[in-house]
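Inspection log for the structure reproduced underneath, given as structure tokens.
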Amino acid sequence: MKTIKINFVLNGEEIVDEVPVNITLLDYLRDYLRLTGTKEGCGKGECGACTVIINGRSVNSCMVLIPQVDGKNVLTIEGLSNDGVTEIQEAFVEEGAIQCGFCTPGMVMSTYYLLSKNPHPDEEEIREGLSGNLCRCTGYKKIIEAVKRASGGKK
Amino acid sequence: MKEFEYLKPRDLNEALFFAREYKHRKKFLAGGTDLIVRLKDNLIREDYIIDIGEIKELKGIERKNGEIYIGPTTTHSEIIESQITKKYAPLLVEAVKTIGSPQIRNRGTIGGNVCNASPAGDSIPALVISGARFVIKSLDNERTIDIKDLFLGPGKTSIGDDEILYRIIIPEWKENEIGFFNKLGQRNAMSISIASVAVKLEREEGNKFKKAFVSFGAVSPVVNRATRCENLLTERELNSKDYIFEAASCAVNEVNPITDVRATREYRREVSKYLLYESLLNLLRIGG
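Read top to bottom, the protein sequences are chains U and G.
Be aware that the first sequence starts at 0, since it is given in numbering that gives the first Met the number 0, and climbs by one per residue.
Be aware that the second sequence starts at 0, since it is given in numbering that gives the first Met the number 0, and climbs by one per residue.
Given below as structure tokens:
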């Protein structure tokens, strides 16, 4: 098995490791580090359940090869809530934007990215911002309400 | 995922060296939004994956001498956010905005969209009507080709296996030009085009246009210009719905679609016509 040395920052901590070259960032997070907050849905970039932030950009971690992470700064759902539950997560709870919860980490990461680029999105921008995340339970209405709440557009 | 050798060249020169060394046994990796899925599905037979995603010489957007130069590993998001492309390549921006999702656009690159040569690649019709040119490099050569000489068929380009796409050049959008990119998919986000169309019209006066550029995506093996539609669009002033419908109807003879999981050949042919017709009415603000 071909391996590669990687060195990157994950949720504020430096990771140095030697890993097989042919695994994805998602595989590494879940199977090697047991950080199972990031979910695997489709495994091909359709559902967004595996969304993480790399160098400030939201990406599908199922479509990132582990060597591509070398030298980068990665933020996962676990890192987002290092200091307790964030306002975004609070808003999801308040609005009842969670049913089975499988898509929620990805939704929260996409919301985090959207608000980092556009702190006060309108509904159209929220829908566009979450367009890479599928939810099979809620019908999206409450998720959109949650993002509005998190952005201060609704109290 | 299949086993492979991962190589990460430090600069363009080293990448070109690897290209010459491994030729058809290698695949370039940029954003990976297509390649990694295909690696997982064991659809890649090449044994060397060459990561060119971080080579500085292949990234960025510049404006010089009335043209826009885009490095191939520039991401879709970077094109959407750049002040240069927003102002001088608005139609490309419009097209790229319809690709995938925020996550895909943050990762996928314009060069990847071009080099994959999918007939459904959403940047391609916009590049065709812009008259894009491509600078292609190998270790000891550099050549520039027109977009009409780039695509050979679905998934096939004329870029050699020891070459790398170095720049995409598009002429600046002019003040007397109007246009649109419109696509039909299953939904607005995350959908692969069933049919798409890009149009650029160069205004002479009022609704009379001296030049027209029309290109359909996802409805032919190779994305080309629809010259018969173009000719009709410059022949007369575009004021009547009937005449615009006649011009748009030419689309059925210009496209050569296939039946696949997304739509049938017949549907694609018909819908190309209406996609062009409705978008033209919308662009020219002719009520319906």
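Every residue gets a Cβ at the ideal spot worked out from N, C-alpha and C, and that includes glycine.
The count of Cβ pairs closer than 8 angstroms, one atom from the segment 92-101 of chain U and one from the segment 16-36 of chain U, stays below three, leaving the stretches out of contact.
Here the C-alpha atom of Ser190(G) lies approximately 8 angstroms from the C-alpha atom of Ile98(G).
Where Gly105(U) is concerned, the enclosing alpha helix (DSSP H) starts and stops at 103-116.
For Val15(U), same chain residues with a beta-carbon under 8 angstroms away, outside a window of 5 residues either side, are Lys4, Ile5, Asn6 in chain order. In this structure, the beta-carbon distance from Val221(G) to Ser271(G) does not fall below 8 angstroms. Asn230(G) has a beta carbon lying at 8 angstroms or more from every beta carbon in chain U. For Ser239(G), the secondary structure class from DSSP, reduced to helix, strand or coil, is coil. Ser57(U) belongs to the set of residues whose beta carbon lies under 8 angstroms from a beta carbon in chain G. Taking the beta carbon of Thr50(U) as reference, the chain G residues within 8 angstroms of it are Gln102, listed in sequence order. Among the residues of the segment 29-53 of chain G, those with a Cβ less than 7 angstroms away from any Cβ of chain U are Gly31, Thr32, Ile35, Val36, Lys39, Asp50, Gly52, in the order of the chain. Within the segment 103-132 of chain G, Ile103, Asn105, Arg106 place their CB atoms closer than 7 angstroms to a CB of chain U, listed in sequence order.
Of all alpha-carbon atoms in Phe3(G), Ala94(G), Ile123(G), Asn281(G), the one lying nearest the alpha-carbon of Asn21(U) is that of Phe3(G). Ser129(G) is classed as buried because its beta carbon has at least 16 other beta carbons within 10 Å across all chains shown. Separation of Ile87(U) and Met108(U) (C-alpha to C-alpha, rounded to the nearest whole angstrom) is 9 angstroms. Beta-bridge pairing by DSSP links Thr156(G) to Phe150(G). Asn140(G) carries a strand assignment under DSSP once its states are collapsed to helix, strand and coil. In this structure, DSSP gives Asn230(G) a helical state, which the three-state scheme calls helix. In this structure, the beta-carbon distance from Arg142(G) to Tyr68(G) does not fall below 8 angstroms.
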